[in-house]
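> Pasting a structure below so you can have a look.
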Amino acid sequence: MPLVAPSILAADFSRLGEEVRRITEAGADYVHIDVMDGVFVPNITMGPSMVRALRDKSSIPFIAHLMITHPERHVKAFADSGSDIIEVHLEADQDLHATLKGIRALGKKAGLAVNPPTPIEKAFPYLSEIDLLLVMSVNPGFGGQSFMPEVLPKIASAKHEMDRLGVLIPVEIDGGITVQTGELAARAGADILAAGTSVFKAPDVRGAIAALRACGGSKD
Ligand code: DX5
Ligand code: ZN
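Just so you know, we're using the numbering used here here: the sequence shown kicks off at 89 and counts up by one.
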């Protein structure tokens, strides 16, 4: 059964601390923090000072999903602010091997994110250097978009390559995840479901998280 990483992009920004506490108490496994720079994606969201401000609101791991053009310039700030997993994009402008190595050298887990149009094979040379693979199921930039089912075969391809290499790396999927699309993703092999709208806008946040964690559990 998958783990659940609510994305605070869909939270009430005027009371983010309480929102992080709310999902933690409701059983979230991670806090997914969407960082956008207005260049790599059109939108601008939050930075390391926000991560630092939220850190003492929760004891579960923080995932910083960096949708920024030059992640190598900022990984130290995100590490120092209390991020546990730092995800950088394959499409960003950087020496990716060096960035991933740098994240691990800071004592953090390195994640690699792949946009929908990017072939998953491009991630293969990095599989021995990462702790998490993020398959994007929307084009990043905004919450509340529709899930793109065509990305699902990427999960099996990545897992096949991991088997071949003898590495085991969890796969997170992010974008448009609901109970219905989470079911498809979990059956396709996703280990972590990032979900913004379907968690934060649910009338019952605990129930929404539990329903996502139950995805992929039925055999029919
Ligand atoms: C997209 C972000 C996602 C997104 C998820 O750019 O990386 O994490 O906020 O939000 P929903 O679940 O609303 O698609
Ligand atoms: Zn994200």
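Heads up, the beta-carbon is just placed ideally off N, CA and C, and yes, glycines get one too. What you are looking at is a predicted structure, and each value in this text was computed from that prediction instead of being measured.
1. Using DSSP with H/G/I as helix, E/B as strand and the rest coil, what is F150?
2. If you measure from each CB to the nearest heavy atom of the ligand ZN and keep those under 6 Å, what residues do you get, in chain order?
3. Who are the Cβ neighbours of D279 in its own chain at under 8 Å, not counting the five residues just before and after it?
4. Classify L281 as helix, strand or coil using the three-state DSSP reduction.
5. Check this for me: beta carbons of I297 and A116, under 8 Å apart or not?
6. Confirm, please, whether the CB-CB distance from V223 to K242 is below 8 Å.
7. Does any heavy atom of the ligand DX5 sit closer than 7 Å to the C-beta of L97?
8. Taking only runs of the beta strand (DSSP E) that begin and end inside the region 122-207, which ones reach a length of at least 3 residues, in chain order?
9. For L316, collect the residues of the same chain with a Cβ closer than 6 Å to its Cβ; drop the 5 residues on either side in sequence, then sort them by chain order.
10. Using only the alpha-carbon positions, how far apart do P204 and L178 sit?
11. Grab the span of the alpha helix (DSSP H) containing A93 for me, first residue to last.
12. So, with DSSP's three-state summary, where would you put V226?
13. Cβ of V163 versus every heavy atom of the ligand DX5: is any distance shorter than 7 Å?
14. Would you mind sorting R64 into buried or exposed? The rule is 16 or more other CB atoms within 10 Å of its CB.
15. Quick one: what's got a C-beta closer than 7 Å to P149's C-beta in the same chain, skipping five residues either side?
16. Buried or exposed: Q182, going by 16 or more other Cβ atoms within 10 Å of its Cβ?
17. What residue range is occupied by the uninterrupted alpha helix (DSSP H) comprising D251?
18. How far does the alpha helix (DSSP H) with I111 in it reach, from first residue to last?
19. Does DSSP put L256 in a helix, a strand or coil?
Quick look at the numbers:
1. strand
2. S95, H120, D122, H153, D262 and A282
3. P90, L91, P258, V259 and E260
4. strand
5. yes
6. yes
7. yes
8. 150-155, 173-177 and 197-202
9. The structure shown has nothing for residue 316, since the chain only spans 89 to 308.
10. 11 Å
11. That residue, A93, is in no alpha helix (DSSP H); its beta strand (DSSP E) goes L91 to P94.
12. coil
13. no
14. Nothing about residue 64 can be read from this structure; the chain reaches only from 89 to 308.
15. Y118, D172 and I173
16. buried
17. P241 to L253
18. L104 to E113
19. coil
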